[in-house]
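Those sequence lines, one after another, are chains A and B. Sequence positions in the first sequence follow our numbering and run 1 to 319. Sequence positions in the second sequence follow our numbering and run 1 to 302. Ideal placement from N, C-alpha and C gives every residue a C-beta, glycine not left out. Accompanying notes for the structure given below.
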Amino acid sequence: MGWAIALHGGAGDIPRSLPLERRETREAAIRHCLQIGVDALKAHRSPLDVVEVVVRELENHPHFNAGRGSVLTSNGTVEMEACIMDGNTKRCGAVSGLITVKNPISLARLVMEKTPHIYLGFDGAEAFAREQGVEMVDSTHFITPENIERLKQAKKANRVQLDYTQPIKKVDEIPVSDGDSQIGTVGCVAVDGHGNLATATSTGGFVNKMVGRIGDTPIVGAGTYANNFCAVSATGKGEAIIRGTIARDVAALMEYKGLSLKDAAKYVVEGAPSGTTGLIAVSAKGEVTMPLNTSGMYRACATEDGYTEMAIWPGETCD
Amino acid sequence: MGGWAIAVHGGAGVDPNLPQERQEEAKQLLTRCLNLGISSLRSSSSAIDVVELVVRELESDPLFNSGRGSALTENGTVEMEASIMDGSGRRCGAVSGITTVKNPISLARLVMEKSPHSYLAFSGAEAFAKQQGVETVDNNYFITEDNIGMLKLAKEANSIMFDYRIPLAGSESCSAVVESPIQMNGLPISVYAPETVGCVVVDSEGRCAAATSTGGLMNKMTGEGEAIIRGTLARDVAALMEYKGLNLQEAVDYVIKKRLDNGKAGLIAVSNNGEVAYGFNSVGMFRGCATEDGFMDVSIWE
């Protein structure tokens, strides 16, 4: 028993040829966010606070697809979503269709704590944000030049791009940001020394997604889930994660089949269609696991006994 | 492999003082829907076609809270949502914030089949509906005298909370409502309180499908629907069969007892070998079911 924390910056098709400078920017951000989480756990902050703080930091970072840096809809707008859940009480909050809230994850927490509901969306969620006085910014805050270019490419190819899908390569075209053009969901899971668990996930969705599209992130049990066994945050192809109720299934396998955290997570990720799913999870006992069936996932973890790791591709870690 | 089976519901949580003639109307509608589904199954329609057909019928009839007859928002308008799921391939589609689409369940199916996504909401969903050319109507079409009366009552008691809620996508069919339907936020309610309609079907080839549609709650209670989200209720019925080896009825009983905490809800379910089951911890649930061997039941109370 002891505290443990894991975080991710999205799973998808991340080529091993990823330019070093792009990789380093993200790795530095992941390391920085992990440290913030570790410090918060050491200061005995609740796992719920820890996951919120870490995800806020990831949302503020423009190189991840959540908050600032969110990818664009087919109309060139951002529509962000987020979900937070407390394991022991199973209290949860989720938001979709946000266009001006600086930190969607904190609004999700307010839905959990200040409303009788779990899930607010679009105009109603924005109205609730104003009423609560959370920080709001012009939607241009979220839009980066890279994401404008990504949308252009996706439109040219007439498709919705998955997290980290390789940009379209044409000889006469200069790839804008080869290898990191598609940036994924972000998430954090944490457990303290008393077995209190929490999870948080935040995303801008898919490049060129239809306006109004809701993905797996805010769906309790799909992209995000915590109970008294474990806390899970998933990333990848949202539609597959919804169908597979990925996050709930990790917990259900522990609860109903008696599997360990690692075995449960492995079973779920291996059972999902190849190239669609990655997840991070911690158990009440302080175990941590970060399996994926995509070509890569930005991820890191740390436990109280001093173990820490950071990885992008499979096989780099014990998973 | 068993034969086909079908179950329908018109919501859980019924006013115990619901007038007899209202009870009869509800039973007649449930019977009509069951018969519609049964004849469709006999002519070898697939499970997904049958659940869509039956829920369309429930949406089109003003009796229950979905489609025409949906509960009103504080602005006196209707905002609907629906979800459909095909067990084979676990394909699913869902819509929220629908204001002009005559049959939200059919739009949910189009999201499943004609979009790269699983879930569309509000203006994006309405734009998709226009693009797909589904039948749309003026919002007034959905509004009934009964619901105008209920909204008036609620407004007089000044207890309205505008409903921004979004449901869970892609689940089997389940529905939740008011614990003590005599009182809804302190209001006497003698019309239909229940929140949702739904249908689940397994066809003779063992394919399962589920469809759920709702107009949302006129007036937010402590949110019984939230207990269903938190308990991942529909998935857990399936997970208990898959991971714990329970049979359908055992799994249904377990989730009603153990997964709802203090929430009140009901659900209907069918299995791929032709079993049918239901469960609820509310006061009554409008429901009906039938199986290929000739069994048929329509009831409201325990």
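Minimum C-alpha distance to residue i - residue among the options
i, options, result
"A:Y119", "B:I228, B:K258, B:T291 and B:V8", "B:I228"
"B:H9", "B:N65, B:L240, B:K244 and B:L41", "B:N65"
"A:E237", "A:T203, A:K114, A:E57 and A:M310", "Note on identity: in this sequence residue 237 of chain A is Lys, with Glu being the wrong assignment. Considering only alpha carbons, the answer is A:T203."
"A:V288", "A:G275, A:A264, A:A272 and A:I14", "A:A264"
"A:P104", "A:C83, A:Q153, A:Y307 and A:V207", "A:C83"
"A:M210", "A:N147, A:V78 and A:G184", "A:V78"
"B:S213", "B:E275, B:S83 and B:A238", "B:S83"
"A:G212", "B:L120, B:L18 and B:E74", "B:L120"
"A:A157", "A:S283, A:S74 and A:L261", "A:S74"
"B:V101", "B:Q249, B:Q28, B:V134 and B:N75", "B:V134"
"A:S17", "A:G296, A:C301, A:R56 and A:A234", "A:G296"
"A:L7", "A:A200, A:D138, A:K90 and A:R45", "A:A200"
"A:S106", "A:S139, A:V50 and A:D305", "A:V50"
Element boundaries [alpha helix (DSSP H), containing residue i]
i, result
"B:R109", "P104 to K114"
"B:Y243", "L233 to K244"
"A:V191", "From DSSP, A:V191 is part of no alpha helix (DSSP H) but of the beta strand (DSSP E) over V186 to V191."
"A:Y256", "I246 to K257"
"B:E52", "A47 to S60"
"B:A125", "F122 to Q132"
"A:G124", "F122 to Q132"
"B:V201", "Where B:V201 is concerned, there is no enclosing alpha helix (DSSP H), although the beta strand (DSSP E) it sits in stretches over T196 to V202."
"A:D86", "First-last for A:D86: M80 to D86, but that is the beta strand (DSSP E), not the alpha helix (DSSP H)."
Proximity of residue i and residue j at Cβ, strictly below 8 Å
i, j, result
"A:E81", "A:G205", "yes"
"B:A47", "B:R207", "yes"
"B:V95", "B:V200", "no"
"A:D39", "A:A198", "no"
"A:T277", "A:A222", "no"
"B:N140", "B:G69", "no"
"B:V202", "B:S123", "no"
"B:N281", "B:A265", "yes"
"A:M310", "A:I30", "yes"
"B:G3", "B:T291", "yes"
"B:S118", "A:I242", "yes"
"B:T136", "B:A127", "no"
"A:N321", "A:T185", "Outside the modelled stretch of chain A, which goes from 1 to 319, sits residue 321 of chain A, for which no answer is possible."
"A:K114", "A:Q132", "yes"
"A:T303", "A:G9", "no"
"A:A251", "A:Y225", "yes"
"A:G93", "A:V111", "yes"
"A:V220", "B:R230", "yes"
"B:D216", "B:E113", "Correcting the residue identity first, residue 216 of chain B is Gly in this sequence and not Asp. No, Cβ-Cβ distance for B:G216 and B:E113 is not below 8 Å."
"B:A308", "B:M85", "In the structure displayed, chain B extends from 1 to 302; residue 308 of chain B sits before or after that span and is not available."
"B:V298", "B:L53", "no"
"A:Y256", "B:A239", "yes"
"B:G11", "B:M285", "yes"
"B:L267", "B:L246", "no"
"A:H63", "A:R91", "no"
Neighbour list for residue i in chain A, Cβ cutoff strictly below 8 Å
i, result
"B:G279", "Neighbours of B:G279 on chain A: none; closest Cβ ~18 Å, over 8 Å."
"B:C92", "I242 and R243"
"B:A82", "Correct list: empty, because the minimum Cβ distance to chain A is about 13 Å."
"B:S213", "Within 8 Å Cβ-Cβ: nothing; B:S213 doesn't reach chain A, min ~17 Å."
Cross-chain neighbours of residue i in chain A, by beta carbon under 7 Å
i, result
"B:G124", "M210, V211, G212 and R213"
"B:R235", "G221, T245 and R248"
"B:S115", "M210"
"B:L240", "Y256"
Beta-carbon neighbours of residue i, restricted to chain D and to distances below 8 Å
i, result
"A:V220", "Of the protein chains in the structure, A and B, none is chain D."
Interface residues of chain A facing residue i [CB-CB closer than 9 Å]
i, result
"B:E226", "C92, P116, H117, I118 and Y119"
"B:D253", "Here the premise fails: no neighbours, minimum Cβ distance about 15 Å."
"B:A108", "Within 9 Å Cβ-Cβ: nothing; B:A108 doesn't reach chain A, min ~12 Å."
Endpoints, beta strand (DSSP E) assigned at residue i
i, result
"B:R287", "M285 to T291"
"A:T115", "Careful: A:T115 lies outside any beta strand (DSSP E) and carries neither H nor E."
"B:A211", "C208 to T214"
"B:D297", "M296 to S299"
"A:V53", "A:V53 -> not in any beta strand (DSSP E); alpha helix (DSSP H) instead, spanning P47 to N60."
"A:E309", "T308 to A311"
"A:Y225", "T224 to A226"
Residue i: contacting residues in chain B (beta-carbon distance under 7 Å)
i, result
"A:L253", "Y243"
"A:D13", "By Cβ distance, chain B contributes nothing, its closest Cβ being about 17 Å from A:D13, past 7 Å."
Residues of the segment 72-103 of chain A whose Cβ lies closer than 7 Å to any Cβ of chain B, in chain order: Within the segment 72-103 of chain A, the qualifying residues are K90, C92, S96 and G97.
Within 9 Å of chain A by C-beta, residues of the segment 128-143 of chain B in sequence order: Going along the segment 128-143 of chain B in chain order, one finds F128 with a Cβ nearer than 9 Å to chain A.
Positions along the segment 224-243 of chain A whose CB lies within less than 8 Å of some CB in chain B: Cβ contacts with chain B: Y225, G238, E239, I242 and R243.
Under 7 Å (Cβ pairs) to chain B, residues found in the segment 254-283 of chain A: The residues in question are Y256 and K257.
Residues, ordered as in the chain, of the segment 261-289 of chain B that lie near chain A by beta-carbon distance below 9 Å: D261: these are the residues of the segment 261-289 of chain B whose beta carbon lies less than 9 Å from some beta carbon of chain A, given in chain order.
Near-chain A residues of the segment 60-74 of chain B (beta-carbon distance less than 8 Å), N- to C-terminal order: Sequence-ordered contacts of the segment 60-74 of chain B with chain A are nonexistent [C-beta pairs closer than 8 Å].
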